[in-house]
Structure formats: C-alpha cells, structure tokens
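Numbering (the numbering used here), first residue to last: 8 to 230.
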Amino acid sequence: MEKLTRKVMIGTPTYDGRLDVRYVDALINTIRTSPVDTYVFPVFVPGDALVQRARNYLFSLAMRAQVDDLVMIDSDMGWAPADFWRLMAHDVHFVGALCRQKIDEVVLTIYAHENAIPQESGLLEVDGVGGMVRLTSFALNKLWNMSSPYKNGLEVSRMVYEVTIDDKGELVGEDLAVCNKWRSLKEHVYVDTTICCDHVGLKVFSIPKVSKNKEQVDEDHTR
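Below, the structure written as structure tokens:
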C-alpha cells in the first residue's frame with residue numbers, strides 16, 4: 008500500500024447547513040481522483056452566523072491535524088477536480104482560483120495588485136482573493152503564530168480571520184483581511200488565472216472562457 012505523504016483538508020463554512028449539488032459533485036470527484044499518496048478530507052462548520060469564527064475553527068482543526076494543505080472553499084461553489092489538483096501543484100504558499108460575484112456584471116472576487124504580470128504558469132500576484140483558496144502548512148503556521156488567541160468554548164483558537172477597518176475607514180471582510188495579514192509578512196498572494204470556479208446563487212455565475220491578463224481582471228472591493 009502506498010504510504011501517505013500529503014494530507015489535505017477542505018474547509019467549508021455553511022451557515023444554513025446546505026451544500027450546493029455542484030459543490031458535492033466536485034468534492035466527490037476531487038476525492039475520487041486524488042493521488043494514491045494523498046489523503047483528502049472535508050470538514051464542514053454549519054450553523055455559525057459569524058463566518059470569521061467558522062473559518063478560524065476550521066483553521067485550528069487544520070493546525071491540530073497537522074495538514075500539509077488547507078483549502079478553504081465556500082459552500083456555494085463548483086469546480087473541476089483537475090483544477091483543484093492544478094491549484095495544489097503550484098509551488099507557492101497562498102493561492103486561489105478565479106470566481107465572480109453573484110451579479111450579472113462580470114466582477115471577480117479578487118483585488119488586483121499594482122503592476123503584476125501573469126506568469127507562464129498562469130499565476131498572477133494579487134492583493135486579495137476569496138472563494139477557493141489553498142494555504143500550505145508554512146502559511147498556516149506563520150498566520151497562526153502572528154494571530155491573537157481567544158477562547159472558543161473550551162478550546163483556544165486564534166483570530167486568523169477577522170473583520171477589520173482599513174486606512175480609509177472602510178470595513179474589510181475576513182477573506183481579504185487574511186490576505187492583508189499574509190502580505191504584511193512580506194509574503195505573496197496569487198491567483199491561478201486558468202482556474203474558473205462556478206458561484207451559485209439564483210443562477211450559476213461562471214466566468215467566460217477567455218484568456219485573462221491583468222487588464223481583464225476586475226478589481227473587487229465589495230465582496
């Protein structure tokens with residue numbers, strides 16, 4: 008039997024306890040196509056109205072399980088399993104996939120990075136990304152160690168994900184705030200511009216299948 012060399016946790020908050028069928032289908036086929044030396048397991052946090060607390064709980068579970076990678080995926084998303092494994096193959100510590108807001112206008116859930124140039128691998132440096140994000144154990148440990156502890160019932164968690172206020176006095180959601188925290192360590196956030204996830208609302212919001220460069224990547228400040 009092949010010895011496991013990589014442990015991957017998929018973390019998903021779901022306030023209403025529901026998972027879209029596209030998410031379920033993608034999850035099943037991602038696990039089914041996992042390499043023989045890789046163990047993929049999903050963890051869900053239902054019923055928590057504070058998404059940052061749910062994400063922090065998932066983060067703490069990943070730390071206790073000593074995973075090699077944590078992939079945060081929202082419960083209303085769909086993806087191609089091959090794209091999941093492409094995301095896992097990048098030799099970077101913080102990388103996400105493209106998805107769009109659940110509005111008719113095509114606006115991506117990323118924050119553009121000034122003067123960033125797409126790499127041949129498809130990676131593009133950004134200031135922030137949300138929806139489907141992979142963090143390596145290196146990123147997990149650095150973010151954990153720099154974040155304030157707090158009590159979560161009988162357990163001690165860390166405020167890795169939090170809602171903050173930026174220098175313009177505007178609220179910053181937890182997904183962008185963790186990107187800002189990571190970048191404050193002089194580290195980099197990337198998005199794979201070849202991976203386009205579905206975002207499911209009243210309909211499925213997909214990204215048109217076109218080649219993307221920096222000028223085609225919309226900056227999103229409202230996610």
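Beta carbons: idealized from backbone N, C-alpha and C, even for Gly.
Owing to the predicted nature of the structure, the values given are computational and were not obtained by experimental measurement.
For the pair Val47 and Gly103, the CB atoms are not nearer than the 8 angstroms cut-off. By the 16-neighbour rule on beta-carbons within 10 angstroms, Asp75 is buried. Boundaries of the alpha helix (DSSP H) harbouring Ile38: 28–39, taken from the DSSP string. The shortest C-alpha to C-alpha distance from Arg62 to any of His97, Glu121, Ser41, Trp151 is the one to Trp151. Assigned with DSSP and collapsed to three states, Leu161 falls in coil, not helix or strand.
When the Cα atoms are used, Tyr168 and Arg13 turn out to be separated by approximately 25 angstroms. Apart from sequence neighbours up to five positions away, the residues of its chain that approach Arg29 with a beta-carbon distance below 7 angstroms are Gly85, Asp205, Val207, ordered along the chain. Straight through space, the alpha carbons of Phe91 and Tyr157 are spaced by roughly 32 angstroms. Excluding five sequence positions before and after Asp83, the CB atoms of its chain that fall closer than 6 angstroms to its own CB belong to Asp27, Val207, given in chain order. Measuring C-alpha to C-alpha distances from Phe145 to each of Ile38, Thr200, Ile80, Gln73 identifies Gln73 as the nearest. The distance from the Cβ of Asp134 to that of Val196 is about 7 angstroms, consistent with a contact at the 8 angstroms cut-off. Looking at the backbone, the Cα of Met95 and that of Leu68 are separated by about 20 angstroms. Annotation: the continuous alpha helix (DSSP H) that includes Ala184 extends over 181–190. Burial check for Thr40: the Cβ neighbour count within 10 Å stays below 16, so the residue is exposed.
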